[in-house]
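Numbering (the working numbering), first residue to last: 41 to 224.
Think of the CB as a built atom: it goes at the ideal place given N, C-alpha and C, for glycine as much as any other residue.
Data first, discussion second: the structure below is written as structure tokens.
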Amino acid sequence: MASLQRTPQANLPCPTWVWSNNSNVHIICNIIGSPVLDDYHVVTLVSGTSSGSIHRLSDSRRIAYFMPAPQAARFFQVRLSGPPVGPKVGPPPFDPFTKYLLRVEWPDSERKKHDNAQLLLLDKDIDEGPLRANENAWVKKHYGDEFKFLQAHGLSIFKEKDRAEGRIIVRNMISRNNEETSAT
């Protein structure tokens, strides 16, 4: 599932957006990372009211729009709602008469976090079965017991779906804790 969110850093020359498309990329300005075309249809056009939009392939829902451009745009500016409304954004920092080559990379530490999260998502059995002994020990150390852990996360011990979600949370927290411990 993808999302596009504006961060509260209004002091930047253009807004900072976070585009999530199976991967998280934190960026300045409006950079849409590859492989966007695997899950989305990007329509670009030039008119007085729009420069195109991004549609989710699964249901054709429009999830973002491009700001209108008076002529063929070098860089399309993304906005979250369609014409005529949308959040006001500052002018882009790019000179329209300058050619740019943009390169965006993740630091290795962020790549590792992303890869670990993807592995957890691929493990379909992550919520299967009761908590293991080491997981129970972790819950007991940090929360007292499973009931208190679930309660702290707004989940019910009486609903199996909530308990399964709790197991996923515990396993992710333990994994993240192990990552931080191994990094130091």
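Here residue 183 carries a helix assignment [DSSP, helix/strand/coil]. In the DSSP assignment, residue 138 falls outside any beta strand (DSSP E) and carries neither an H nor an E. Secondary structure note for residue 84: its beta strand (DSSP E) is the uninterrupted segment 80-84. With a threshold of 16 other beta carbon atoms within 10 Å, residue 190 meets it and is buried. In this structure, DSSP gives residue 193 a state outside helix and strand, which the three-state scheme calls coil. Looking at the DSSP output, residue 92 shares a beta bridge with 84.
Going by C-alpha positions, residue 107 is about 8 Å away from residue 89. Following the DSSP letters along the chain, one finds residue 172 in no beta strand (DSSP E), marked with neither H nor E. Looking at the backbone, the Cα of residue 200 and that of residue 170 are separated by about 11 Å. Per DSSP, the beta-bridge partners of residue 106 are 118.
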